[in-house]
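Quick notes on the structure that follows.
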Amino acid sequence: MIDNRVAPVSPLYLLERVEPGIVHLDNRRHVIGMNDYARRVLPVEQKLPFDKMVLEFHPERSRPKVEFLLDQAAQCPVAAPPPMTMIINIPERVLLIKVSRTSDAALQPTGYVLVFYDITNVVASSEETQPSRSDARRRLLKTCIAFSAPHR
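Residue -19 is where the sequence shown starts when you use our numbering, and the numbers rise one by one after that.
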């Protein structure tokens, strides 16, 4: 008899293979740049994202989370701001978002860099291998905590 079961894929393996989306914001939180991956993944093509407030591109239910993330990054000391991290859902995707405040040579704030990872496959993998939804969420949370912990 042939065993058709597929070995579960490690969430860490999936995260290592995820390409980051990068969005550069100015102090007013307007989009001033993004990498090619962000252009492909985010539904912004028709909206022409440049020089528009970043919150305009998020679903209404996600806007308070993203605004909170930016507010927290803005309150951090400029000299060594730790990246703020949050998971949000956008249509058909789950994103792990990290936001960091940027500064110039005089340590004056210049804006933000928003880095996101599409972790939809990690979530799907966790849900397939776990017997219950609460266990899958617990496993994803552990993975994301390990993933977002500062590297020393």
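All residues carry an ideal CB built from backbone N, CA and C; glycine is no exception.
Quick one: using the 10 Å Cβ neighbour count with 16 as the cut-off for buried, is residue i buried or exposed?
i, result
"Arg132", "Any reading at Arg132 is ruled out, since the residue's pLDDT is 38, under 50, leaving its predicted position unreliable."
"Ala85", "exposed"
"Ala104", "exposed"
"Asp98", "buried"
"Leu28", "exposed"
My guess is that residue i and residue j are in contact by the Cβ rule of under 8 Å, so how many angstroms apart are they, rounded?
i, j, result
"Tyr92", "Ser80", "7 Å"
"Ile2", "Phe30", "With 8 Å as the limit, Ile2 and Phe30 do not qualify as a contact, their Cβ atoms being about 14 Å apart."
"Asn7", "Thr90", "7 Å"
"Leu49", "Phe37", "With a Cβ gap of about 14 Å, Leu49 and Phe37 do not count as contacting."
Is the beta carbon of residue j closer than 7 Å to that of residue i?
i, j, result
"Ile67", "Phe96", "no"
"Arg41", "Leu35", "no"
"His10", "Met33", "yes"
"Gln52", "Met64", "yes"
"Ile(-4)", "Tyr17", "What sits at residue -4 in the sequence shown is Glu, not Ile. Cβ distance not < 7 Å, so Glu(-4) and Tyr17 don't count as in contact."
Could you tell me whether any Cβ in chain D is nearer than 7 Å to the Cβ of residue i?
i, result
"Ile2", "Absence of chain D from the displayed structure is noted, only one protein chain being present."
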